[in-house]
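Peer 1: Got a structure for you, questions after.
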Amino acid sequence: MIPLKDILIEKGDGTMKKTYKIEVDCANCANKMEEAAKKTAGVKTATVNFMTQKMIVEFEEEQDVKAVMKDVLKNCKKVEDDCEIYL
1 MIPLKDILIE
11 KGDGTMKKTY
21 KIEVDCANCA
31 NKMEEAAKKT
41 AGVKTATVNF
51 MTQKMIVEFE
61 EEQDVKAVMK
71 DVLKNCKKVE
81 DDCEIYL
């Protein structure tokens, strides 16, 4: 079984999409995390699902995924300090 954090999809247009396990306490907090992720440089789009505790991030072309996700985590912690993204 492939760990969820290792799922990486490379799209034909040069962008990548990756799924992360998250920990968040309420749907409103999940919405705040989603908005913070979307505003992060290097992120094309992001979706957070509170029920499944997953975040799907699509990255802009030629981005360092690990560096962008560190920024996503920082930005999410600013709006919801007890959230977690398992990188």
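With UniProt numbering applied, the sequence shown has no gaps in its numbers, which climb one by one up to 87 at the end. Every residue, glycine too, gets a C-beta built ideally from N, C-alpha and C. No experiment lies behind these values; they were computed from the predicted model shown.
1) How long is the line joining the alpha carbons of M33 and V79, rounded to whole angstroms?
2) Ignore the nearest five residues each way along the sequence and tell me which others in I2's own chain have a CB closer than 6 Å to its CB.
3) In the UniProt domain "HMA" (15–84), which residue ranges form an unbroken beta strand (DSSP E) of at least 3 residues, counting only runs that do not cross its ends?
4) Near V72, what residues of its chain come up, given a Cβ to Cβ distance below 6 Å and the 5 sequence neighbours on each side ignored?
5) If you draw a straight line from the alpha carbon of E35 to that of A46, how long is it in whole angstroms?
Peer 2: The relevant details are as follows:
1) 7 Å
2) Any reading at I2 is ruled out, since the residue's pLDDT is 45, under 50, leaving its predicted position unreliable.
3) 16–23, 43–49, 54–59
4) A37, T40
5) 8 Å
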